[in-house]
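I have placed the structure first, in the form of structure tokens, so that the comments after it can refer back to it.
Here it is as structure tokens:
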């Protein structure tokens with residue numbers, strides 16, 4: 001998350017066999033319906049508003065088709081919903097495997113606890129804020145990579161907005177994350193407003209660790225605890241280009257202890273929301 005690739009900058013997938021297999025299967029289905037209709041790739045492209053090269057890339061599994069492409073192809077090829085019905089599979093394949101795996105874990109968690117000290121946690125980022133995070137990466141991502149990463153993070157955020165009111169969330173943010181002007185002043189203001197909104201949800205607690213605190217139990221960086229339904233806990237840790245899931249019980253115990261201390265060092269939730277409002281007024 002940033003937790004979990006949360007606030008930080010994930011790398012897009014390069015060799016992702018699972019994703020590649022899905023896209024190739026989607027491409028074969030589209031090609032089958034196109035050939036059944038007796039159309040060339042250029043004719044299909046003309047019918048749905050895409051170039052021959054784009055159709056070819058989709059059929060070869062080299063490009064993930066957007067929902068509009070699938071819906072238009074379904075209608076043009078009289079597929080009866082079979083092509084449009086592949087939308088969910090394509091959405092999953094569009095973002096990196098580690099993001100898919102993390103999204104699955106987040107969906108299975110009963111509690112997610114995250115500490116962030118650089119940028120706002122990825123599950124809470126507005127779209128414009130997270131785009132600014134991805135575009136700040138050096139060497140720079142291509143626009144296609146940015147879109148891939150944005151899609152992945154937005155998909156993960158659905159767990160926070162779920163009507164199920166689960167999992168329970170605890171976010172501790174270092175004050176620096178509230179003041180760093182990622183994307184500029186107005187982007188930060190809207191991000192702070194988002195934190196205030198989410199902080200009012202009954203299954204979410206947001207705490208702020210002020211910079212004037214003499215102690216900080218996690219100067220080593222951000223991490224996320226995911227407590228799963230069956231009782232196990234895993235940790236997601238991401239630093240620079242290293243992202244890993246930790247299942248070793250001894251390491252987890254250390255980080256659970258550390259998180260407990262961080263929560264005690266931070267302001268209580270209601271005081272934290274008042275603190276965020278104060279920073280918003282100063283921004």
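In this note's numbering, the protein residues as written are 1 to 283.
We put the CB at the ideal spot given by N, CA and C, even for glycine.
Determine the direct distance from the alpha carbon of residue 236 to that of residue 107, and round the result to whole angstroms. 14 Å
Could you tell me the boundaries of the alpha helix (DSSP H) in which residue 233 lies? No alpha helix (DSSP H) holds residue 233; the beta strand (DSSP E) holding it covers 233-239.
Residues in its own chain within less than 7 Å of residue 216 by CB, not counting five upstream and five downstream? Same-chain partners within the cutoff: 209 and 265.
If the criterion is Cβ atoms closer than 9 Å, does the pair residue 110 and residue 168 meet it? yes
Specify whether the stretch 58-69 and the stretch 21-28 touch according to this definition: at least 3 beta carbon pairs, one from each stretch, less than 8 Å apart. yes
With 16 other CB atoms within 10 Å as the buried threshold, where does residue 101 fall? Exposed, since its Cβ has fewer than 16 Cβ neighbours within 10 Å.
Given a cut-off of 9 Å on the beta-carbon distance, is the pair residue 199 and residue 269 in contact? yes
For residue 285, I'd like the list of residues in its chain whose CB is within less than 8 Å of its CB, leaving aside the five on either flank, ordered along the chain. With the chain covering only 1 through 283, there is no way to say anything about residue 285.
Excluding the five sequence neighbours on either side, which residues of its own chain have a C-beta within less than 8 Å of the C-beta of residue 203, listed in chain order? 165, 166, 167, 168 and 169
Contacting residues, own chain, Cβ-Cβ under 6 Å from residue 44 (five flanking each side not counted): Once the five neighbours on either side are set aside, the close Cβ partners of residue 44 are 34 and 55.
Nearest residue (CA-CA) to residue 74, options 67, 31 and 84: 84
Can you tell which of 228, 42, 71 and 178 has its C-alpha closest to the C-alpha of residue 196? 178
Since residue 93 and residue 19 should fall inside the 8 Å C-beta cutoff, what is the C-beta to C-beta distance between them, to a whole number of angstroms? Yes, residue 93 and residue 19 are in contact; Cβ-Cβ is about 4 Å, under 8 Å.
Which of the three DSSP states is assigned to residue 110 in this structure? strand
Under three-state DSSP, which class holds residue 12? Its pLDDT being 47, under 50, residue 12 is placed unreliably in this model, and the value from its coordinates should be taken loosely. Note: residue 12 maps to coil in three-state DSSP.
N-terminal and C-terminal residue of the beta strand (DSSP E) that residue 207 is part of: 204-209
Per DSSP, residue 173 is paired with what? 116 and 208
Let me check understanding here. Comparing Cα to Cα, which of 262, 201, 249 and 214 lies closest to residue 161? 201
How would you write the range of the beta strand (DSSP E) that residue 227 sits in, first residue to last? 223-228
Three-state secondary structure (DSSP) at residue 244? strand
Rank 89, 79, 51 and 52 by C-alpha distance to the C-alpha of residue 67 and give the top, closest one. Here the closest residue by C-alpha is 89.
Comparing alpha-carbon positions, which option in 136, 103, 105 and 104 lies nearest residue 119? 136
Residue 285 versus residue 47: straight-line alpha-carbon distance, rounded: Within the shown structure, residues of the chain are numbered from 1 to 283, placing residue 285 beyond reach of any answer.
Measure the alpha-carbon distance for residue 38 versus residue 87 and round it to whole angstroms. Near 24 Å, if we compare the C-alpha coordinates of residue 87 and residue 38.
For residue 269, which three-state DSSP category applies? helix
Would you mind working out which of 76, 125, 278 and 138 sits nearest residue 152, comparing C-alpha positions? 125
Residue ranges of each beta strand (DSSP E) within the stretch 47-99, 3 or longer: none
Look up residue 168 in the DSSP assignment and give the residues it is bridged to. The bridge partners DSSP lists for residue 168 are 111.
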